[in-house]
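A.B. asks: Taking this note's numbering, the leading residue of the sequence shown gets 4, the next gets one more, and so forth.
First the structure, then my questions, so here it is.
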Amino acid sequence: MHGGCAVQKLPRSVSSYHATFPLNRSSGLPDLAPESVEYRGYFQIEAHPSHSVIYRPGDPADRVYILRKGRVRLVRTGPTGTRSVTGILRPGDLFGELLRPEGTVLDEFAIAAGETEVWSIDNHSFQQLLESRPHLALDVIRALEERNRAMRRRLLGLTFKEVPARLADTLLVLADTHGDPCPHGGEYDLRGITQQDLADLVGASRSFVSTLINEMKRDGLLGNVGRILCIRDVRGLRERAAFEK
4 MHGGCAVQKL PRSVSSYHAT FPLNRSSGLP DLAPESVEYR GYFQIEAHPS
54 HSVIYRPGDP ADRVYILRKG RVRLVRTGPT GTRSVTGILR PGDLFGELLR
104 PEGTVLDEFA IAAGETEVWS IDNHSFQQLL ESRPHLALDV IRALEERNRA
154 MRRRLLGLTF KEVPARLADT LLVLADTHGD PCPHGGEYDL RGITQQDLAD
204 LVGASRSFVS TLINEMKRDG LLGNVGRILC IRDVRGLRER AAFEK
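Given below as C-alpha cells:
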C-alpha cells in the first residue's frame, strides 16, 4: 500500500487482488457497477488522497486496477530522473498489468490526481472471474482494444504530425474522454489537465506547448477560466489536427 491510502476490505469469494479495468464511456463494464453486490465481493477497495502513489516501478505486476472515482496519471521516469505523463485515466479505466507471468514487475508510476477510489484484484482471481463470466471477458477485450487504438493513434501522431497538429489531436481526444460541458460559452472544459500534461502527451516542451495554446486562444479555438482550459471550437481543432508533415 502506498501514499497512506485508506483500504476498505470487503468479504470476497476469491482471494484479494490489485487490478483495475475499464468502465468508461466508450467501453463500459456495466456488470461492475458500484451497486453490484456480486462483484464488490471480489475487489479490494482503496481511497487514495491526491498525489499519493498507487503503485511504482519495481512493484509486483500481480494485480489489475479499475479507477472508480477521480483521475490517475500514469508516469514514467527516464534514465536522468525526468518524469513524463504517459496517460491520464478517468473513472472506469482499467490499468496495471493484466495476467503477466509471475515475477514480472511494473515499470511506471500510477499517481492519484485528486481524491480517487480504486478497485483492485489479484491476477489469479481476475482470471477466475473472467473464465466464469465470458461476457465480462469480452468487455475486457474491447477495453484493451480501445487502449491499443489510442496507443496507435499517438504513435502515428508522433510519426506523421508536427507538434501543433499533435496538440490539436490530443485536445480532441481529451475532450472526448475527459471533457465536461463548458458553462463559459465554449464546447468543453478540460478540468485538471495541465500544460505539462499536454506537453508530455504530445512529446514537446512545456514552453512550446504554452506558446501554441496562446496561439490557439488568439485564433478562438481555446479559452480559459482561471486554470480551466476550455475548448471553444472543435471543428477548428479538427482542421488543425489534420495537418501532416
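Where is the CB? At the ideal position from N, CA and C, for every residue including glycine.
Treat the numbers as computed from the prediction; the structure is a model and nothing was measured.
DSSP puts Cys233 in a beta bridge; with which residues?
C.D. replies: Partner(s): Asp192 and Gly226.
A.B. asks: For Asp34 and Leu139, what's the separation of their Cα atoms in angstroms?
C.D. replies: Its pLDDT being 48, under 50, Asp34 is placed unreliably by the model, and nothing is read from it.
A.B. asks: Would you mind working out which of Phe46, Gly81, Glu49 and Ile69 sits nearest Pro60, comparing C-alpha positions?
C.D. replies: Taking only the C-alpha atoms, the option nearest Pro60 is Gly81.
A.B. asks: For Pro167, count neighbouring Cβ atoms within 10 angstroms of its own Cβ and tell me buried if that reaches 16, exposed if not.
C.D. replies: Burial call: buried.
A.B. asks: Suppose contacts are defined by Cβ-Cβ distances below 8 Å. Is Leu193 in contact with Ala178 by that definition?
C.D. replies: Taking 8 Å as the Cβ cut-off, Leu193 and Ala178 qualify as a contacting pair.
A.B. asks: Bridge partners for His51 per DSSP, in chain order?
C.D. replies: DSSP output for His51 lists Thr119 as bridge partner(s).
A.B. asks: Secondary structure at Ala245, three-state DSSP: helix, strand or coil?
C.D. replies: Reduced to three states, the DSSP call for Ala245 is coil.
A.B. asks: Contact between the region 109-129 and the region 44-55 is defined here as three or more beta-carbon pairs at a separation below 8 Å; is this criterion met?
C.D. replies: These segments touch.
A.B. asks: Between the region 187-201 and the region 209-224, can you find at least three pairs of beta-carbon atoms closer than 8 Å?
C.D. replies: At 8 Å Cβ cutoff, the stretches touch.
A.B. asks: List the endpoints of the continuous beta strand (DSSP E) containing Ser87.
C.D. replies: Ser87 -> beta strand (DSSP E) spans Arg86 to Leu92.
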